Structures are given as C-alpha cells and as structure tokens.
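Trainee: Numbering (the working numbering), first residue to last: 566 to 864. The beta carbon of each residue, even a glycine, is placed where N, CA and C say it ideally should be. None of the values given here were measured: they were computed from a predicted structure.
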Amino acid sequence: MRMMCHAGTVTTSGDIDGVRHGSVHGLDAIVVETPHSTAAISVFGGQVLSFTPAGAGEDVLWVSPLVKSPPTPIRGGIPVCWPYFAREGQGRDVPSHGYARTARWALIAGGRTDSGDCELEFAPEGLDHLRLELRMTVRVGATLEHGLHTHNPGAEPVSMTEAFHNYFRVSDVSSVRVSGLDGLSYLDQFDDMRSHPQHGDWMLPREDGRSDRVYPGAGGVYRIVDPGLRRAIEVSVRGGRSAVVWNPGEDGAAGMTDVGPHWRDFVCVEAANVGPDVVEVPAGADHSLWQTISVTTIE
Numbered sequence: 566m567r568m569m570c571h572a573g574t575v576t577t578s579g580d581i582d583g584v585r586h587g588s589v590h591g592l593d594a595i596v597v598e599t600p601h602s603t604a605a606i607s608v609f610g611g612q613v614l615s616f617t618p619a620g621a622g623e624d625v626l627w628v629s630p631l632v633k634s635p636p637t638p639i640r641g642g643i644p645v646c647w648p649y650f651a652r653e654g655q656g657r658d659v660p661s662h663g664y665a666r667t668a669r670w671a672l673i674a675g676g677r678t679d680s681g682d683c684e685l686e687f688a689p690e691g692l693d694h695l696r697l698e699l700r701m702t703v704r705v706g707a708t709l710e711h712g713l714h715t716h717n718p719g720a721e722p723v724s725m726t727e728a729f730h731n732y733f734r735v736s737d738v739s740s741v742r743v744s745g746l747d748g749l750s751y752l753d754q755f756d757d758m759r760s761h762p763q764h765g766d767w768m769l770p771r772e773d774g775r776s777d778r779v780y781p782g783a784g785g786v787y788r789i790v791d792p793g794l795r796r797a798i799e800v801s802v803r804g805g806r807s808a809v810v811w812n813p814g815e816d817g818a819a820g821m822t823d824v825g826p827h828w829r830d831f832v833c834v835e836a837a838n839v840g841p842d843v844v845e846v847p848a849g850a851d852h853s854l855w856q857t858i859s860v861t862t863i864e
C-alpha cells in the first residue's frame, strides 16, 4: 500500500520546506509550519501533539503537563489506538489500546500542495509480527486532516477495532457541550456497558462528573462548543462508525498520575470503530479511517 502526496514524495523531513525535527512537550517530534497553521507529530507513538491554526492562540489539542517519558504512552494529543481499542477482543496480556501508540514511527514521504498545505505519510516500526499493515497520513493546513490506513496482506479476513483518541483542549470540561450525538444510544463504560439514550447535546454528567460513552453507528460530525475559549472545534469523520466521549472526572483523574488536577482542561471526542462496530478487512483489501479537525470562532 502506498500513499502519494499531492506535491510528490520525499524521504526525509529535511527535504520538505517548513518541516523539521524538534522537541515538543519534551518529546522528539516532527514540527510542521504552514501559512495556515502549525503542528507537531511525535516520533514515539505517531501522535499528533499540537495543531494551532493561524490566529487561534490556544492549541486545539491538549497534552498533559505531567506527561511521562517513553516508553509510557503519551497522555494527550491524538493517540493512535490500533489494531484494537482498549483490549476489545483481546486477552489481558496485551497492551491497552494496541501496539501503534508505543511504536516508533518513521516519516516515509511528504510534500507541499499548491495552497501551502503539508501532507506527510508515516509508518510504525517493529510491528511486522501483526497480521495487518498500517500507514498514517497527516495533512496540515487550515484544517488538520488525519488518515489511518490498514492493509491486510494475508489470505484470510482480519477483524479489528481502532480509534483516533483525540484530546481536545477546553476552558473547562464542565462548561462545554458536544453536538452531533442527539438521538443516538450510547454504551456506558461506567454502567457495565448498558445502553442509554442521548437526549440533546453531550455535557459532563452532573451526577458523577465523568464520562466514558461509546456511541455505535454515530453520524460522523461532532462539534465541541466552548464558550470559555470562544471557539467551536468540529470533527468530521469518514470510515468511522463510532464516537467515544471520555473524561475521567475529578475522582478518576486523582488516580492517574499524568492527569491529576488537570482533568478539567480536556475532553476526548474520538473518531472510532469500536464496540459493536468491528471492522473486517478482507484478504488483500484496505480500510481507512479519516478525520478532519477544524476550528471556528463563536461569540
């Protein structure tokens, strides 16, 4: 499987204007600067650590100020959960959220578009023992376009789950709302995965102040409205049938050494295929999960 960039391909970041190696949040990263925005992608885990549109001020993504050093998974940004989410369909002796988020990732191709956007292709290293192959596209411009591409090189179909585990920076999770989920049913991790109806926009539940909800068969367009930062973040998804909305709340965060008192600063709205939305990749076939993240100002 090969992704061709809009402006041709190169082999090293030094060959692409505005792309360099650097350190972001103390992590080794590929740093991207375009006329429209800046971004950074961690070499460890392939996580997008930062996306800041020009004039936006605040980063769209949240990375914990208590982030641990590798090989501990990075808390924040956009972790890549692949080829399974949590430990869905797996035993207890495998890493949570799969192998991709703790692999080292290589920049294998990239280029510039006529509009100045930068499109990069990455691949994880050391995952040759798996039955599936993985590539990732990150296109940085006025929006952030993010693609996860799975190829099945074998002679039998392979089932998988996956997610972009987006951590979005917010002013206060208790004052934001998420639209695009009204009328759906969700499976509540805090209620033994029982199904409940969603009425209106998602807001952090008042009764226990935490959320871990899987929305199967979701619509694919979700909007985080944040009056405190006077902005709305829209997530538009292709190839993903599930949405996940997560925040551990104060009590849950107290037991997480890389979150702690900072739990109010983010909400996870995830593009995914999880729960009952299992993906079967036929022999010799490909599957892609795409998300586009954009930001608008609100009054």
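V613 and L626 look like a contact to me (Cβ under 8 Å); what is the Cβ gap, rounded to whole Å?
Mentor: In the sequence shown, residue 613 corresponds to position 48, counting from 1. In the sequence shown, residue 626 corresponds to position 61, counting from 1. Between L626 and V613 the Cβ distance is about 7 Å, and since that is below 8 Å, they are a contact.
Trainee: Near N731, which residues of its chain fall below 8 Å by C-beta distance, leaving aside the five closest residues on each side in sequence?
Mentor: Here the question's residue 731 lines up with position 166 in the sequence shown. Once the five neighbours on either side are set aside, the close Cβ partners of N731 are L626, I643, V800, C833, V834, E835, A836, Q856 and I858.
Trainee: If contacts are defined as beta-carbon pairs under 8 Å, then T726 and A797 qualify, I think. What distance do you get, rounded to the angstrom?
Mentor: By 1-based counting over the sequence shown, the position of residue 726 is 161. By 1-based counting over the sequence shown, the position of residue 797 is 232. Their Cβ separation, rounded to whole angstroms, is 28 Å, which puts T726 and A797 out of contact at 8 Å.
Trainee: Could you tell me the boundaries of the alpha helix (DSSP H) in which D823 lies?
Mentor: Reading the sequence shown from its first residue, position 258 is the one you call residue 823. That residue, D823, is in no alpha helix (DSSP H); it is neither H nor E in DSSP.
Trainee: Give the single residue among A665, P635 and T599 whose Cα lies nearest to the Cα of L592.
Mentor: Locating residue 592 in the sequence shown gives position 27, counting from the first residue. L592 has its Cα closest to that of P635, out of A665, P635 and T599.
Trainee: Just to confirm the assignment, what range does the beta strand (DSSP E) spanning T603 have?
Mentor: Numbered from its first residue, the sequence shown carries residue 603 at position 38. Per DSSP, T603 belongs to the beta strand (DSSP E) from S602 to S607.
Trainee: Use the C-beta contact count for M758: other C-beta atoms within 10 angstroms, 16 or more gives buried, fewer gives exposed.
Mentor: Stepping through the sequence shown from its first residue, residue 758 is reached at position 193. Its Cβ having fewer than 16 others within 10 Å, M758 is exposed.
Trainee: Excluding the five sequence neighbours on either side, which residues of its own chain have a C-beta within less than 7 Å of the C-beta of D658, listed in chain order?
Mentor: Position 93 of the sequence shown, counted from the first residue, corresponds to residue 658. Nothing meets the Cβ criterion.
Trainee: Residues in its own chain within less than 6 Å of G714 by CB, not counting five upstream and five downstream?
Mentor: Position 149 of the sequence shown, counting from 1, holds the residue named residue 714. A small correction: the amino acid at residue 714 is His; Gly does not occupy that position in the sequence shown. These residues qualify, in order along the chain: R700 and S853.
Trainee: For the region 806-820 against the region 756-776, are there 3 or more C-beta pairs whose distance is under 8 Å?
Mentor: The region 806-820, when compared against the region 756-776, does touch it at the 8 Å Cβ threshold.
Trainee: Where do the ends of the beta strand (DSSP E) carrying L672 lie?
Mentor: Locating residue 672 in the sequence shown gives position 107, where the first residue counts as 1. Run containing L672: W670 to R677, per the beta strand (DSSP E) assignment.
Trainee: Can we say the region 759-769 touches the region 664-678, given the rule of at least three CB pairs closer than 8 Å?
Mentor: Not touching, per the Cβ criterion.
Trainee: Tell me the DSSP secondary structure of D580 in three-state form.
Mentor: Sequence index remark: in the sequence shown, residue 580 carries index 15 (1-based). If DSSP states are grouped into helix, strand and coil, D580 belongs with the helices.
Trainee: For Q612, name the three-state secondary structure that DSSP assigns.
Mentor: As a position in the sequence shown, residue 612 is number 47, starting the count at 1. The answer is coil: DSSP assigns Q612 none of H, G, I, E or B.
Trainee: Quick one: give me the first and last residue of the beta strand (DSSP E) that I595 is part of.
Mentor: By 1-based counting over the sequence shown, the position of residue 595 is 30. Residues L592 to E598.
Trainee: Could you check which residue in R696, H586 and T617 has the C-alpha nearest to that of V608?
Mentor: In the sequence shown, the residue the question calls residue 608 occupies position 43. For the residues R696, H586 and T617, the minimum Cα distance to V608 belongs to H586.
Trainee: Assuming N812 is part of the beta strand (DSSP E), what are its boundary residues?
Mentor: Residue 812 sits at position 247 when you count from the first residue of the sequence shown. That run of the beta strand (DSSP E) goes S807 to N812.
Trainee: H711: buried (16+ other C-beta within 10 angstroms of its C-beta) or exposed?
Mentor: As a first step, residue 711 is located in the sequence shown; it is residue number 146 there, counting from the start. Buried, because 16 or more other Cβ atoms sit within 10 Å of the Cβ of H711.
Trainee: Determine the burial state of R778: buried for a count of at least 16 other Cβ atoms within 10 Å of its Cβ, exposed for fewer.
Mentor: Against the sequence shown, residue 778 aligns to sequence position 213. Classification of R778: buried, given that the 10 Å Cβ count is 16 or more.
Trainee: Would S750 and S760 qualify as a contact pair, given that the criterion is a beta-carbon distance under 7 Å?
Mentor: On the sequence shown, position 185 is the one that residue 750 refers to. On the sequence shown, position 195 is the one that residue 760 refers to. Yes, the pair counts as a contact, with Cβ atoms nearer than the cut-off.
Trainee: Output the distance between the C-alpha atoms of G782 and A728, rounded to the nearest integer angstrom.
Mentor: Stepping through the sequence shown from its first residue, residue 782 is reached at position 217. Stepping through the sequence shown from its first residue, residue 728 is reached at position 163. So the two alpha carbons sit approximately 14 Å from each other.
Trainee: Helix, strand or coil, according to DSSP, for W627 in the structure here?
Mentor: One-based indexing of the sequence shown puts residue 627 at position 62. Three-state DSSP puts W627 in coil, outside helix and strand.
Trainee: Secondary structure at G641, three-state DSSP: helix, strand or coil?
Mentor: Working through the sequence shown from its first residue, we reach residue 641 at position 76. Strand.
Trainee: Nearest-angstrom Cα distance between G825 and G681?
Mentor: Along the sequence shown, read from residue 1 onward, the residue named residue 825 stands at position 260. Along the sequence shown, read from residue 1 onward, the residue named residue 681 stands at position 116. One C-alpha to the other measures close to 39 Å.
Trainee: How about V843 and S807: are their beta carbons less than 7 Å apart?
Mentor: Position 278 of the sequence shown, counted from the start, is the residue given in the question as residue 843. Position 242 of the sequence shown, counted from the start, is the residue given in the question as residue 807. Going by C-beta atoms, V843 is not nearer than 7 Å to S807.
Trainee: Could you check what DSSP says for D766 in three-state terms: helix, strand or coil?
Mentor: Locating residue 766 in the sequence shown gives position 201, where the first residue counts as 1. Looking at D766 - three-state DSSP - the assignment turns out to be coil, as it is neither helix nor strand.
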